[in-house]
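Structure, as structure tokens:
Number of protein chains: 2
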Amino acid sequence: MPATIHDVAKRAGVGIGTVSSVLNNSRPVNEATRQKVLSAVDELDFIPNPSGRRLSMGKTHTIAVVIPFFTLASQVERLRGVMSVIAESDYDINLFAVETVPQRNRIFQTVPRRGRVDGLLIFSLNPTEADLRRIRRQDIPTVLVETSHPDLPHIFLDDVVGAQTAVKHLIELGHRKIGYISDHLDDPFGTNLSRNRYLGYGRALEAAGIPLNPDYQRQGWHSREQGRLMTFEMLNLPDPPTAIFAFSDEFALGVLEAARDLNVDVPGDLSVIGYDDIELARFVQLTTVRQHLIESGIQGVELLFEAINTPDIIPTPRQMSTELVIRATTAPPAR
Amino acid sequence: MPATIHDVAKRAGVGIGTVSSVLNNSRPVNEATRQKVLSAVDELDFIPNPSGRRLSMGKTHTIAVVIPFFTLASQVERLRGVMSVIAESDYDINLFAVETVPQRNRIFQTVPRRGRVDGLLIFSLNPTEADLRRIRRQDIPTVLVETSHPDLPHIFLDDVVGAQTAVKHLIELGHRKIGYISDHLDDPFGTNLSRNRYLGYGRALEAAGIPLNPDYQRQGWHSREQGRLMTFEMLNLPDPPTAIFAFSDEFALGVLEAARDLNVDVPGDLSVIGYDDIELARFVQLTTVRQHLIESGIQGVELLFEAINTPDIIPTPRQMSTELVIRATTAPPAR
DNA sequence: CTGTTAGCGCATTCAA
DNA sequence: TTGAATGCGCTAACAG
Chain U
1 MPATIHDVAK RAGVGIGTVS SVLNNSRPVN EATRQKVLSA VDELDFIPNP
51 SGRRLSMGKT HTIAVVIPFF TLASQVERLR GVMSVIAESD YDINLFAVET
101 VPQRNRIFQT VPRRGRVDGL LIFSLNPTEA DLRRIRRQDI PTVLVETSHP
151 DLPHIFLDDV VGAQTAVKHL IELGHRKIGY ISDHLDDPFG TNLSRNRYLG
201 YGRALEAAGI PLNPDYQRQG WHSREQGRLM TFEMLNLPDP PTAIFAFSDE
251 FALGVLEAAR DLNVDVPGDL SVIGYDDIEL ARFVQLTTVR QHLIESGIQG
301 VELLFEAINT PDIIPTPRQM STELVIRATT APPAR
Chain W
336 MPATIHDVAK RAGVGIGTVS SVLNNSRPVN EATRQKVLSA VDELDFIPNP
386 SGRRLSMGKT HTIAVVIPFF TLASQVERLR GVMSVIAESD YDINLFAVET
436 VPQRNRIFQT VPRRGRVDGL LIFSLNPTEA DLRRIRRQDI PTVLVETSHP
486 DLPHIFLDDV VGAQTAVKHL IELGHRKIGY ISDHLDDPFG TNLSRNRYLG
536 YGRALEAAGI PLNPDYQRQG WHSREQGRLM TFEMLNLPDP PTAIFAFSDE
586 FALGVLEAAR DLNVDVPGDL SVIGYDDIEL ARFVQLTTVR QHLIESGIQG
636 VELLFEAINT PDIIPTPRQM STELVIRATT APPAR
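As they're listed, the protein sequences go chains U and W.
Following the working numbering, the numbering of the first sequence begins with 1 at its first residue and continues without gaps.
Following the working numbering, the numbering of the second sequence begins with 336 at its first residue and continues without gaps.
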């Protein structure tokens, strides 16, 4: 039904090679015939069929973006960064949201394929050794964002230091009873985000000579609601913490919600600090650790384009800074 | 580099037709050869090249989702609904974010093509007559969400009624000075969302015999910040409104922010009502008009799949209800 | 400068 | 039940 290159060629009275040449500027064409072709293209509203093109060129002009926890604002902001640079390019973007482990495995097995996509942008997930073998064998450019691997270009964010900074801030304010609310330390996806931030938390406490208190640690599935529930438990302890460091802003919002429900004043009776600095954090005046989410998405695609355009060269990973943003949810403890 | 169907055929000692048959169950195959093929597939980690497949079958197994204002939480929630059903299907999803008018036009011109995608899901945007002609000529299934067109299947949301309900609520509380903060009534994308909600606003006022006051209307670009600025202006009026109906929750958040900055008590001195019921609305206890965002995304794809699977039949549009959700930002006026 | 042809990887028909 | 041949729409090499 749609016009093909043959239709255009016939209408312009030329061969298909000429049409292709005009469209791709792949070889010089006489200006007169060039115009004939162009008007035929216009009249037929012709646009080359991408599948034909891909098959012939061996490139898909498509990149896949793999995103776990798509419900989280932080992931969406990263994606936003990606979209902004994709829009300026002539690449298409294939979106893969992963919510379950089987889904994750299926995606890692089927998506990184030459002929399917030209590159892979993976958020927050660690490829297994098997995944890596496939990626290497298929020789498909792959960039990690918010995780890292020695063999793969990536946008690195130092979670350990980020978390440490946050907790150090609380300690400097005078807190000694500091809770940590997070995702499961060994999450089913093999992510090490929770663990790294936990490490930073531990180091900050250790540096201040504060022993770890298991009561002050809770883990649950990513969500504001879970954050709220865990906070309830923690605040109902006989000796509740005076401050809570949340794994993410999402969790931190749940903490704030719980505090509100329990009439616990923030930051008077409870200091709260989040992680990510999603847009909303500013709105609720949440003290948090900024991740430059949008920028991480932008740099991720940039790195990926580099990898795609310079085969045999693995772009050097980039490290992105993380910084404490002090707003209105942290203060010295009541006494 | 990646294995092709020929590699598999050779390794299994069969013809490529047989391999294809096994993979697609397209014709009966002897169990023994079937097993030979299957193990060859396994050993070579073979997955058919989508481009070859698409070219041969004339279907892409891909749908495009066109999303304006991707920065808005409401749009992301819709997309979330879409992703949840896509994940269960064997379709790929191509994402197109539109932020500018030229971008919009380019996308409408190049994306709705057979051979490019099997279907089109459009959020919040109205196709022009020219767009429609192309869609028809290319015979490409297209579903509209949050807008409507008599010739296209769509998920319809009655903005006029939704807005009217919201403003009626304010009037019933006793308000007579009610502001409307929105996107531009004639937005450059040709959307009529702002205008429809404005219509509902006007009708509610009219029904109560309250004259329209131009001072109580402000328009600006979608964003919390714009909402904040417009609210500043409005609250600085000699005779400021006692209630504000915002075009979206996003704007409403800006209103709340402005009120907070000006020390105007909500809902004591100012009632605020939004539109959409994004997840965040519940968190800030915003009274709003619920849109069932996620569900609208889900139903949108469902309709699209229907359209794809039953050619020649245009699925009947679906109407989704809209409902007032009263929370903590609305109350009777101070005096 | 331009027309013709081969081949990209696959599904599918036609023979056998 | 299966192998070989054809064509999907395109780019690029080849031949003029």
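C-beta: ideal position from N, C-alpha, C; glycine also.
- When DSSP states are grouped into helix, strand and coil, G350 of chain W belongs to the coil group.
- Chain W has no Cβ within less than 8 Å of the Cβ of S248 of chain U.
- Around R469 of chain W, the same chain offers F443, Q444 and P447 as residues with beta carbons nearer than 8 Å, after the five sequence neighbours per side are excluded.
- If you look at I86 of chain U, you'll find it isn't in any beta strand (DSSP E); it sits in the alpha helix (DSSP H) that goes A73 to I86.
- Fewer than three beta-carbon pairs drawn from the region 128 to 144 of chain U and the region 280 to 293 of chain U are found closer than 8 Å, and the two stretches are therefore not classed as touching.
- For M57 of chain U, the three-state secondary structure derived from DSSP is helix.
- In this structure, A422 of chain W lies near Q103 of chain U, with their beta-carbon atoms less than 8 Å apart.
- Rounded to whole angstroms, the separation of the alpha carbons of V29 of chain U and V98 of chain U is 48 Å.
- Unbroken alpha helix (DSSP H) stretches of 4 residues or longer found wholly inside the region 105 to 185 of chain U: 129 to 137 and 159 to 173, given in chain order.
- For the pair L564 of chain W and G544 of chain W, the Cα-to-Cα distance works out to about 29 Å.
- Three or more beta-carbon pairs drawn from the region 499 to 516 of chain W and the region 579 to 588 of chain W are found closer than 8 Å, and the two stretches are therefore classed as touching.
- Under the Cβ distance rule, M336 of chain W counts among the residues neighbouring chain U, one pair being separated by less than 8 Å.
- A straight line joining the alpha-carbon of D494 of chain W with that of R532 of chain W spans about 5 Å.
- About 4 Å separates the CB atoms of G454 of chain W and P476 of chain W; that is less than 8 Å, so the two are in contact.
- At a beta-carbon threshold of 7 Å, the residues of chain U lying near V411 of chain W are V76, ordered along the chain.
- In this structure, V601 of chain W lies away from V420 of chain W, with their beta-carbon atoms at least 8 Å apart.
- Here the C-alpha atom of A64 of chain U lies approximately 7 Å from the C-alpha atom of F96 of chain U.
- From the beta-carbon of A367 of chain W, no residue of chain U is found nearer than 7 Å; the closest lies around 27 Å away.
- With a cutoff of 8 Å on beta-carbon distance, G450 of chain W and P2 of chain U are scored as near each other.
- For Q654 of chain W, the pairing in a beta bridge is given by DSSP as W:F491.
- Note that the C-beta distance between A347 of chain W and A367 of chain W is not below 8 Å.
- E257 of chain U places its beta carbon less than 8 Å from that of F618 of chain W.
- P68 of chain U is bridged by DSSP to U:V98.
- Excluding residues up to 5 positions away in sequence, D494, V495, V496, G497, A498, Q499, T500, A501 and V502 lie with their Cβ nearer than 8 Å to the Cβ of G535 of chain W in the same chain.
- By the 16-neighbour rule on beta-carbons within 10 angstroms, T645 of chain W is exposed.
- Counting the other Cβ atoms within 10 Å of the Cβ of M57 of chain U gives fewer than 16, which makes it exposed.
- Assigned with DSSP and collapsed to three states, F580 of chain W falls in strand.
- A straight-line Cα-Cα distance of about 17 Å links S355 of chain W and K394 of chain W.
- Rounded to the nearest whole angstrom, the CA to CA distance from L605 of chain W to T664 of chain W is 8 Å.
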